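S.K.:
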Amino acid sequence: MPINLKEQTTKPERLGPGHRFCAGCAEPIVIRQILSAIEEPVVIGAATGCTEIATSMYPTTAWNVPWIHNAFENVSTTISGVEAMYRSLVRQGKIPERNLRFVAIGGDGATYDIGLQWLSGALERGHRFIYVCLNNEAYMNTGIQRSSATPTGAHTTTSPSGSVIPGKVQWRKPLTEIIAAHHIPYVAQASPSNWRDLMEKARKASAANGPSFLNVLADCNRGWRHATDTTIDVMRLAVETCYWPLFEVDNSVWKLSYRPKEKKPVEEWLKTQGRFSHLFQPQFRHVIDEIQARVDEEWVALLKKCEAV
Amino acid sequence: MVVSTKRALEGAHASAHAMRQINPDVVAAYPITPQTAIVQTYSQYVADGEVDTEFIAVESEHAAMSACIGAAAAGGRVMTATAANGLALMWEELYIAASMRMPIVMSCVNRALSAPLNIHCDHSDSMGARDAGWIHIFSETGQEAYDNTIQAVRIAEHPDLLLPVMVMQDGFITGHAVELVEVADDASVQRFIGSYSPAHSLLDIDHPTTFGAWDLYDYYFEHKRQQTDALSKAMKVILEVGQEFGREFGRPYGAFEPYAMDDAEIAVIVLSSTAGTCRTVIRELRQKGLKVGLLKLRVFRPFPAAELAEALKGVKAVAVLDRSISFGSMQGSGPVFLELCAALYAAGSKTKAINYIYGLGGRDVLPVDVERVIHELKQVADSGEVTSLVSYLGLRE
Numbered sequence: 000m001p002i003n004l005k006e007q008t009t010k011p012e013r014l015g016p017g018h019r020f021c022a023g024c025a026e027p028i029v030i031r032q033i034l035s036a037i038e039e040p041v042v043i044g045a046a047t048g049c050t051e052i053a054t055s056m057y058p059t060t061a062w063n064v065p066w067i068h069n070a071f072e073n074v075s076t077t078i079s080g081v082e083a084m085y086r087s088l089v090r091q092g093k094i095p096e097r098n099l100r101f102v103a104i105g106g107d108g109a110t111y112d113i114g115l116q117w118l119s120g121a122l123e124r125g126h127r128f129i130y131v132c133l134n135n136e137a138y139m140n141t142g143i144q145r146s147s148a149t150p151t152g153a154h155t156t157t158s159p160s161g162s163v164i165p166g167k168v169q170w171r172k173p174l175t176e177i178i179a180a181h182h183i184p185y186v187a188q189a190s191p192s193n194w195r196d197l198m199e200k201a202r203k204a205s206a207a208n209g210p211s212f213l214n215v216l217a218d219c220n221r222g223w224r225h226a227t228d229t230t231i232d233v234m235r236l237a238v239e240t241c242y243w244p245l246f247e248v249d250n251s252v253w254k255l256s257y258r259p260k261e262k263k264p265v266e267e268w269l270k271t272q273g274r275f276s277h278l279f280q281p282q283f284r285h286v287i288d289e290i291q292a293r294v295d296e297e298w299v300a301l302l303k304k305c306e307a308v
Numbered sequence: 000m001v002v003s004t005k006r007a008l009e010g011a012h013a014s015a016h017a018m019r020q021i022n023p024d025v026v027a028a029y030p031i032t033p034q035t036a037i038v039q040t041y042s043q044y045v046a047d048g049e050v051d052t053e054f055i056a057v058e059s060e061h062a063a064m065s066a067c068i069g070a071a072a073a074g075g076r077v078m079t080a081t082a083a084n085g086l087a088l089m090w091e092e093l094y095i096a097a098s099m100r101m102p103i104v105m106s107c108v109n110r111a112l113s114a115p116l117n118i119h120c121d122h123s124d125s126m127g128a129r130d131a132g133w134i135h136i137f138s139e140t141g142q143e144a145y146d147n148t149i150q151a152v153r154i155a156e157h158p159d160l161l162l163p164v165m166v167m168q169d170g171f172i173t174g175h176a177v178e179l180v181e182v183a184d185d186a187s188v189q190r191f192i193g194s195y196s197p198a199h200s201l202l203d204i205d206h207p208t209t210f211g212a213w214d215l216y217d218y219y220f221e222h223k224r225q226q227t228d229a230l231s232k233a234m235k236v237i238l239e240v241g242q243e244f245g246r247e248f249g250r251p252y253g254a255f256e257p258y259a260m261d262d263a264e265i266a267v268i269v270l271s272s273t274a275g276t277c278r279t280v281i282r283e284l285r286q287k288g289l290k291v292g293l294l295k296l297r298v299f300r301p302f303p304a305a306e307l308a309e310a311l312k313g314v315k316a317v318a319v320l321d322r323s324i325s326f327g328s329m330q331g332s333g334p335v336f337l338e339l340c341a342a343l344y345a346a347g348s349k350t351k352a353i354n355y356i357y358g359l360g361g362r363d364v365l366p367v368d369v370e371r372v373i374h375e376l377k378q379v380a381d382s383g384e385v386t387s388l389v390s391y392l393g394l395r396e
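Structure (structure tokens):
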């Protein structure tokens, strides 16, 4: 179902104003886009992280929908329990069927790193839930530590740029592909800069009869180091440089969602952010070339998977 | 009218049988020796359509308790089972379950914690979780495991408590031993536990509730105070439910079970299956005129401190048998001993107390070991002197 912008403006907010996200944070933008796209009633689980602490400080809550936080690593399992209870109570006739959707939200730390086992287990069991990874590419809530989603060359407090080492040395974990390898009904990679694409993917995820997974880029200007009013521009550049390609894996069929008219050099994205500034020193410029080579290689591989060469 | 039948059941099967009759809405569990008999028996009930339960075969014990918390927040009845390292892996979630006031009932088939790896009985697993905020109930026999599991549902869901309950039985010794267990008819069990409808549910989309909000220094402390108050109220509920169970099913339960205590000058305190060995030895020694009694402790959390001090009034010396060590505590004593010492001190008691560590990693405790305890206890009572505060039973030294 296509997204009608006018309709979207009149829908009640599920994440209310008054939350404590930082100015310019992409996370509430992503959450509002996704929750606005999903037409059905939702129950939400959140992993420990920015979303959790910015929306649920007792005695206040920013949530106008049922919401639960359990711990850092286990939001997929917590929502598994909620979903199982729903199925049990409906099947027994103890509560009416209300076509509920169950949404689990975790950052890249909760998803790529500490919670990967819990997520994999929940996907294998086939619970019907939508997992949203708000991928800001580091442990931002605790003050910018590297995760396995952090880009090569990025400065974080646990992968600092020094006189010898140019920030994070390793390449990011290919999580979207790892999730796709579970052959769940729907997997997609998205960015709120391309909001219509993200919202349509949220609808497809909601319609999937089983687990679905959205890996969404979620800029953190505190960690990425740029002005608070350039969030969407920076994410758009990640897409336009093919650093963050948009695609979906719908019932195991790979499909490219967006092909930039002109694939921009990754350097254009890197230079918008302070976390990469050291790479522009002469002794570290080779890292930019290495990133470009890897991005190119992965882009070609993705096109092949999508049979879009 | 309760219709009971006697069935030959292993302890773990007695627990699974109680679970079938409780028919929880969700069970999330992971197999681990010696608890596996429960999870696999229950899986068969699900496969045969004998229960309405949605069974979640999770990928770890941490996930088991994580799913239980989500399911309990969604407003239904939730159960699980574990042992040993599985319980240890749940550690984070045990605290969260209790602190979020989720009335989850869990069987714990007590087994030694690693390292070294050992699959046999001691109490180091559940004792490691003794400050997690759960109610801890120990069972001597398969019958008690059955009875305690049914009562646990009522205790956990009591509106004054809303606390998770762990029901223990000794791994292999009870869990894998066949005993005659008197099981009630399904309808009587259902009538006793009643229906459950919590005030708040995640699935109530018309009244959206935020579960698991975070707290800072301005509220956390008050919430912890509420939590400890709930544990303080638990003993009254446990005793009421134990009496009501007795009226319905003919087997009443208290916080502990006294045996030959009326005129006892010395006494032994012990948990679970070893109470049987102690009772046999005490019966024989009573025939020889020794004034010795037994307090079989059933409820460890909340600890019946004042009640035990009262029960020990007039007793000159008491020996606590502990099947685990609180490493680094006073002379490396056991958790039950430490609690009892605190209880006696707070009550201003003059009763001498000594501690025996026994049965670690499934080491047998024999009647001759208990005889030794009572013999040494008699010397303490006669002399008024404690020469050895902590000793070991059946240990090669």
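Which chain is which? The protein sequence lines are R and W, in order.
If you use numbering that gives the first Met the number 0, the first sequence closes out at 308, no skipped numbers anywhere.
If you use numbering that gives the first Met the number 0, the second sequence closes out at 396, no skipped numbers anywhere.
Ideal placement from N, C-alpha and C gives every residue a C-beta, glycine not left out.
Computed from a predicted structure; not experimentally measured.
(1) With a cut-off of 9 angstroms, does the C-beta of L215/W fall near any C-beta of chain R?
(2) Mind listing the chain R neighbours of T79/W? Cutoff is C-beta to C-beta under 8 angstroms, in chain order.
(3) Are the region 158–165 of chain R and the region 111–125 of chain R in contact at 8 angstroms, needing three or more beta carbon pairs?
(4) Using a threshold of 9 angstroms, state whether the C-beta atoms of K290/W and I265/W are closer than that.
(5) The beta strand (DSSP E) spanning V42/R covers which residue range?
(6) For the region 222–238 of chain W and the region 248–255 of chain W, state whether three or more C-beta atom pairs, one from each stretch, are separated by less than 8 angstroms.
(7) I need the boundaries of the alpha helix (DSSP H) containing A70/W, first residue and last residue.
(8) Can the beta-carbon of T77/R be found closer than 9 angstroms to that of I55/W?
(9) In whole angstroms, give me the CA-to-CA distance for A345/W and Q189/W.
(10) Could you check whether the Cβ of F255/W sits closer than 9 angstroms to any Cβ belonging to chain R?
(11) Assign W194/R to one of three DSSP states: helix, strand, or coil.
(12) Would you call the CB atoms of L122/R and I67/R closer than 9 angstroms?
(13) Taking CB distances under 9 angstroms as the criterion, tell me whether S211/R reaches chain W.
(14) Mind checking who M167/W pairs with in its DSSP beta bridge?
(15) I want to know whether the region 178–194 of chain W touches the region 113–130 of chain W - three or more CB-CB distances under 8 angstroms.
(16) When the cut-off is 9 angstroms and only beta carbons count, does S65/R lie next to chain W?
(17) Please classify S35/R: does DSSP put it in a helix, a strand, or coil?
(18) Alpha carbon to alpha carbon, how far is E12/R from S325/W?
(19) Can you round the beta-carbon distance between V238/R and S276/R to whole angstroms, since I take them to be within the 8 angstroms contact cut?
(20) Which residues, taken in chain order from the region 208–233 of chain W, show a beta carbon closer than 9 angstroms to some beta carbon of chain R?
(21) Tell me which residues share the same chain as P264/R and place their Cβ nearer than 8 angstroms to its Cβ, disregarding the 5 neighbours each side in the sequence.
(22) When the Cα of T156/R is compared with those of N135/R, A148/R, I143/R and L14/R, which residue comes out closest?
(23) Please identify, using Cβ separations under 7 angstroms, the residues of the region 25–43 of chain R that lie next to chain W, in order along the chain.
(24) Return the chain-ordered list of same chain residues with a C-beta closer than 6 angstroms to the C-beta of K349/W, the five sequence neighbours on each side being excluded.
(25) For G361/W, collect the residues of the same chain with a Cβ closer than 6 angstroms to its Cβ; drop the 5 residues on either side in sequence, then sort them by chain order.
(26) Residues in its own chain within less than 8 angstroms of A7/W by CB, not counting five upstream and five downstream?
(27) Is DSSP giving V291/W helix, strand or coil here?
(28) Going along chain R, which residues have a C-beta under 8 angstroms from E92/W?
(29) Only counting the same chain, and skipping five residues up and downstream in sequence, which positions put a Cβ closer than 6 angstroms to that of L93/W?
(30) Alpha helix (DSSP H) containing G105/R: first to last residue?
(31) Does the region 192–200 of chain R come into contact with the region 120–140 of chain R, if we say contact requires no fewer than three beta-carbon pairs (one atom in each stretch) closer than 8 angstroms?
(32) Under 9 angstroms between the Cβ atoms of V81/R and L201/W?
(33) Going by C-alpha to C-alpha distance, which of T40/W, Q43/W and E91/W sits closest to A63/W?
(34) Please name the residue or residues paired with P406/W in a DSSP beta bridge.
(35) Indicate the three-state DSSP secondary structure (helix, strand or coil) for M78/W in the structure shown.
(36) Beta carbon of P184/R, beta carbon of N208/R: below 9 angstroms?
M.R.: Taking the geometry as given:
(1) Translated into the one-based positions of the second sequence, residue 215/W becomes position 216. Taking Cβ atoms only, chain R reaches closer than 9 angstroms to L215/W, which makes this a yes.
(2) Your numbering for residue 79/W matches position 80 in the second sequence. Contact note: T79/W does not reach chain R at a C-beta cutoff of 8 angstroms; the least C-beta distance is about 10 angstroms.
(3) no
(4) Here residue 290/W is taken as the residue at index 291 of the second sequence, counted from 1. Here residue 265/W is taken as the residue at index 266 of the second sequence, counted from 1. Contact flag set, yes.
(5) Numbered from 1 along the first sequence, position 43 holds the residue referred to as residue 42/R. That run of the beta strand (DSSP E) goes V41 to A45.
(6) Touching, yes, given that three or more Cβ pairs across the two stretches are closer than 8 angstroms.
(7) Translated into positions along the second sequence, residue 70/W becomes position 71. Taken as a continuous stretch (DSSP letters only), the alpha helix (DSSP H) holding A70/W covers E60 to A72.
(8) Residue 77/R sits at position 78 when you count from the first residue of the first sequence. Residue 55/W sits at position 56 when you count from the first residue of the second sequence. No; because the gap between Cβ atoms is not below 9 angstroms, this pair is not in contact.
(9) Along the second sequence, read from residue 1 onward, the residue named residue 345/W stands at position 346. Along the second sequence, read from residue 1 onward, the residue named residue 189/W stands at position 190. When rounded, the distance between both Cα atoms is 41 angstroms.
(10) Residue numbering aside, residue 255/W sits at position 256 when the second sequence is read from its first letter. Taking Cβ atoms only, chain R never reaches closer than 9 angstroms to F255/W, which makes this a no.
(11) Here the question's residue 194/R lines up with position 195 in the first sequence. Three-state result, W194/R: helix.
(12) The residue labelled residue 122/R in the question sits at position 123 within the first sequence. The residue labelled residue 67/R in the question sits at position 68 within the first sequence. Their beta carbons are not under 9 angstroms apart, which means L122/R does not touch I67/R by this criterion.
(13) If you number the first sequence from 1, residue 211/R lands on position 212. Not an interface residue.
(14) As a first step, residue 167/W is located in the second sequence; it is residue number 168 there, counting from the start. Its beta-bridge partners are C107/W and F137/W.
(15) In short, these stretches do not touch, since the Cβ pair count stays below three.
(16) Locating residue 65/R in the first sequence gives position 66, counting from the first residue. The sequence shown places Pro at residue 65/R, not Ser. By this cut-off, P65/R is an interface position.
(17) Taking the first residue of the first sequence as 1, we reach residue 35/R at position 36. S35/R falls in the helix class under three-state DSSP.
(18) The residue given as residue 12/R occupies position 13 in the first sequence. The residue given as residue 325/W occupies position 326 in the second sequence. Looking at the two C-alpha atoms, the distance is approximately 52 angstroms.
(19) Numbered from 1 along the first sequence, position 239 holds the residue referred to as residue 238/R. Numbered from 1 along the first sequence, position 277 holds the residue referred to as residue 276/R. Incorrect: roughly 22 angstroms between the Cβ atoms, too far for contact.
(20) T208, T209, F210, G211, A212, W213, D214, L215, D217, Y218, Y219 and H222
(21) As a first step, residue 264/R is located in the first sequence; it is residue number 265 there, counting from the start. The residues are T240 and Q291.
(22) Residue mapping note: residue 156/R aligns to position 157 of the first sequence, counting from 1. Measuring from the Cα of T156/R, the nearest candidate turns out to be I143/R.
(23) P40 and V42
(24) By one-based count along the second sequence, residue 349/W stands at place 350. Here the set comprises nothing.
(25) Working through the second sequence from its first residue, we reach residue 361/W at position 362. Within the same chain, G361/W has close Cβ partners H119 and C120.
(26) Numbered from 1 along the second sequence, position 8 holds the residue referred to as residue 7/W. Excluding positions up to five away in sequence, the list reads V177, E178, L179 and V180.
(27) Residue mapping note: residue 291/W aligns to position 292 of the second sequence, counting from 1. Strand, per DSSP.
(28) Taking the second sequence and counting its residues from 1, the one referred to as residue 92/W is at position 93. Neighbours of E92/W on chain R, chain order: N69, A70 and N73.
(29) Stepping through the second sequence from its first residue, residue 93/W is reached at position 94. Once the five neighbours on either side are set aside, the close Cβ partners of L93/W are A128 and A131.
(30) The sequence position of residue 105/R within the first sequence is 106, counting from 1. Looking at the DSSP string, G105/R is not in any alpha helix (DSSP H); the run it does join, the beta strand (DSSP E), is R100 to G106.
(31) no
(32) As a working mapping, residue 81/R is identified with position 82 in the first sequence. As a working mapping, residue 201/W is identified with position 202 in the second sequence. Their beta carbons are under 9 angstroms apart, which means V81/R touches L201/W by this criterion.
(33) The residue given as residue 63/W occupies position 64 in the second sequence. Nearest neighbour of A63/W by Cα position, chosen from T40/W, Q43/W and E91/W, turns out to be E91/W.
(34) Nothing can be reported for residue 406/W: it is not among the residues displayed for chain W, which extend from 0 to 396.
(35) Locating residue 78/W in the second sequence gives position 79, where the first residue counts as 1. Strand, per DSSP.
(36) Locating residue 184/R in the first sequence gives position 185, where the first residue counts as 1. Locating residue 208/R in the first sequence gives position 209, where the first residue counts as 1. A contact, by the Cβ cut-off of 9 angstroms.
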